[in-house]
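See below for the structure under consideration.
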Amino acid sequence: MPSSFPVLGLIVALPLAFLIVLAAVPARSVGAIRTLGLLGSAAPAGLAFYALTRFDLTGGGWQFREGARWFTLWMPSFDVVSHGWQLVPLPIDGTLAVDGLSLPLLFMATFVGFMAALASWTVTHRPKAYWVFVLLLNAGMNGAFVATNLLLFFVFFELTLVALFFLVGIWGGEARERAAYQLLLYNGLGSLIMLAVFLLLFHLTGSFDVSAVAERLGERALPGWLVTGTFLALVVAFGIKLPIVPFHTWVLNVHPVASAPMSMILSGVLLKIGGYGLIRFGVGFFPEEVRRWAPLLAVLGLINLLYGAFLALQEGELKRLIAYSSISHMGLVLFGLAAANEEGLSGAVFQMVSHGFISALLFLVAGVIAERTGTARLAELGGLWQPMPLASGALLVGALASLGLPAFSGFVAELLTYLGLFKSGQGVIAVLGAFGLVLSAAYLLRGALTAGWGPVPERAKALTDARPVEVVPMLLLVAAILWIGVYPFFLDEAMKASIGALVARL
873 MPSSFPVLGL IVALPLAFLI VLAAVPARSV GAIRTLGLLG SAAPAGLAFY ALTRFDLTGG
933 GWQFREGARW FTLWMPSFDV VSHGWQLVPL PIDGTLAVDG LSLPLLFMAT FVGFMAALAS
993 WTVTHRPKAY WVFVLLLNAG MNGAFVATNL LLFFVFFELT LVALFFLVGI WGGEARERAA
1053 YQLLLYNGLG SLIMLAVFLL LFHLTGSFDV SAVAERLGER ALPGWLVTGT FLALVVAFGI
1113 KLPIVPFHTW VLNVHPVASA PMSMILSGVL LKIGGYGLIR FGVGFFPEEV RRWAPLLAVL
1173 GLINLLYGAF LALQEGELKR LIAYSSISHM GLVLFGLAAA NEEGLSGAVF QMVSHGFISA
1233 LLFLVAGVIA ERTGTARLAE LGGLWQPMPL ASGALLVGAL ASLGLPAFSG FVAELLTYLG
1293 LFKSGQGVIA VLGAFGLVLS AAYLLRGALT AGWGPVPERA KALTDARPVE VVPMLLLVAA
1353 ILWIGVYPFF LDEAMKASIG ALVARL
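Residue numbers for the sequence shown, in this note's numbering: 873 to 1378.
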């Protein structure tokens, strides 16, 4: 394909194009609707893999850059010659590009989105509306990782929130409306703070372009209180999405009622937009503030890690256990950010990519088990290894990967993160955090072994195992987890130049 091939534009536009076609299909044509929805989710994954294989590992900076004039703002400006006000055009470009930080996350997002689409094949309640929102969600989350314009990033970010609100509120379980509104309230507050920060950055720099904002902020001598306040506002805005304790409660209410495919995308992809924002905009715009507040970020990471681990240890519901595990593991992303070195930031990105695959696998299996048994309570499960060997095996593999067993992707992420934390002189936090990893082995194995092994109850003997549309994403997610664990070199090389450029600013 020629170099001018708009791969990123297609990754964003194809889900929207399939959405438009799907909207014209009669609601009774369920097979055609499902096929269009699946193709609209599969195409971005294939294109992201193409971009990953064509990425220049030796070059830093943005690649696959493309875009066009989005719109023009007319800004009032005072003319010192005529001593009068006049309107000056300010062009806003909708530019798309990726670098070594965003491309691995883009590939993970499109892959998990495709796996979630496969798992959605059996949705029967209002399938046309369901697939419309799934495709809208795919376009939003893909766009968030390729936008190099702050306003465009915000638009994509909001698309994911709107789509997920309806997907949880209509296709969730009991108390779905309450969970959907809590999702909207928390993330809407984060979006409001984010927009205020972006507008302030535009006021300070005269640009929404990510590279231009970073460069001009570095050239300007701004008041210390303004820089610190803006940085901490960014931490709060993206900390709600990650989530950072105490902004985490919405996640615990959404996961138990969300369908398995939506939990896969929420935990696997959408939470990672929070971590991506902290690194892209936090480190990229305010490197000195990251250094200054590194001890606080490390403590927040430790709180996430231990808080999630202790509560997961006593949790009796499988989906909530996995949700607590996600909160705990996002503490490792904060550890990598606090380390503020190449090992730490690389570990944070590895952790986001790895956990995206692992959490998607765990929530998929949890959804399959809950659908077959009618419950996700561990006290009512057990002995599923005989009637559901594939689901039980996948649950155990996901648990082993999540606790950081060597040869799985979680091991590489945790190793790099802790190396970075020790190297930065925060060994005490690292040692305390290691206790959280011990706890992760306890709660993950407790959940997997309680559900999958033990005596087979009479009521479980008639259960059916995962369907082909569920087995295929399970196997592909396991393959992705093993690929990163056995051969992390490729992702490491892809992100090395970009991570190095960020570290050089610190």
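We put the beta carbon where it would ideally sit given N, CA and C, even for glycine.
- Positions of the alpha helix (DSSP H) runs, each at least 4 residues long and wholly inside the segment 954-1022, are given as 974-991, 999-1018 in order along the chain.
- Taking the Cα of L910 as reference, the smallest distance to any Cα among S992, F1182, F1153, S1083 is reached at S992.
- In the same chain as A1313, and ignoring 5 residues on each side of it, the C-beta atoms closer than 7 Å to its own belong to L1275, in chain order.
- For Q935, the beta-bridge partners assigned by DSSP are V970.
- Rounded to whole angstroms, the Cβ separation of M1346 and L1256 is 14 Å, and the two are not in contact under 8 Å.
- When secondary structure is reduced to three states using DSSP, A940 falls in the strand class.
- Using a Cβ distance threshold of 8 Å, I1145 and Y1058 do not count as a contacting pair.
- Nearest in C-alpha terms to V897, of all of G881, V1358, K1000, is K1000.
- Counting of Cβ neighbours within 10 angstroms places A1210 among the buried residues, the total reaching 16 or more.
- Note on geometry: alpha-carbon atoms of V1328 and L1250 lie some 14 Å from one another.
- Here the segment 1100-1107 lies against the segment 1145-1160, with 3 or more beta-carbon pairs under 8 Å apart.
- Looking at the DSSP output, E1189 sits in a beta bridge with R1249.
- Taken in chain order, the whole alpha helix (DSSP H) runs of length 4 or more contained in the segment 1019-1055 are 1022-1043.
- In this structure, L1293 sits away from L1142, with a CB-CB distance that is not shorter than 8 Å.
- The closest CA to that of G1308, considering only G1173, W1325, L973, is found on G1173.
- Residue environment for H1201: buried (at least 16 other C-beta atoms within 10 angstroms of its C-beta).
- Beta-bridge analysis with DSSP links D1081 to N1021.
- Measuring C-alpha to C-alpha distances from A1232 to each of F983, T967, P976, G932 identifies F983 as the nearest.
- Per the coordinates, the alpha-carbon of P948 lies some 6 Å from the alpha-carbon of W957.
- Its Cα nearest to that of L1316, the residue S1198 stands out among P1118, V1240, S1198, S1370.
- When only Cα atoms are considered, V1358 and G1305 end up about 25 Å apart.
- Secondary structure of P1345 (DSSP, three-state): helix.
- Assigned with DSSP and collapsed to three states, W1355 falls in helix.
- For M1260, no alpha helix (DSSP H) encloses it, and the DSSP letter there is neither H nor E.
- D1364 is positioned such that its CB atom lies closer than 8 Å to that of S1218.
- Counting the other Cβ atoms within 10 Å of the Cβ of E1330 gives fewer than 16, which makes it exposed.
- Rounded to the nearest angstrom, the Cβ distance from A1052 to G1044 is 7 Å, consistent with a contact under 8 Å.
- Assignment of P948 by DSSP, reduced to helix, strand and coil, places it in the strand class.
- By a beta-carbon distance limit of 8 Å, T1032 does not contact A1019. Their separation comes to about 12 Å.
- Going by beta carbons, L1204 and L1177 fall inside the 8 Å limit.
- Note that the C-beta distance between V995 and A923 is not below 8 Å.
- The beta-carbon distance between G1372 and E1214, rounded to whole angstroms, is 6 Å. This is short enough to meet the 8 Å contact definition.
- Assigned with DSSP and collapsed to three states, S913 falls in helix.
- With a 10 Å radius around the Cβ and a threshold of 16 neighbouring Cβ atoms, P1167 comes out exposed.
- Here N1176 carries a helix assignment [DSSP, helix/strand/coil].
- A Cβ-Cβ contact shorter than 8 Å links L1206 with L1169.
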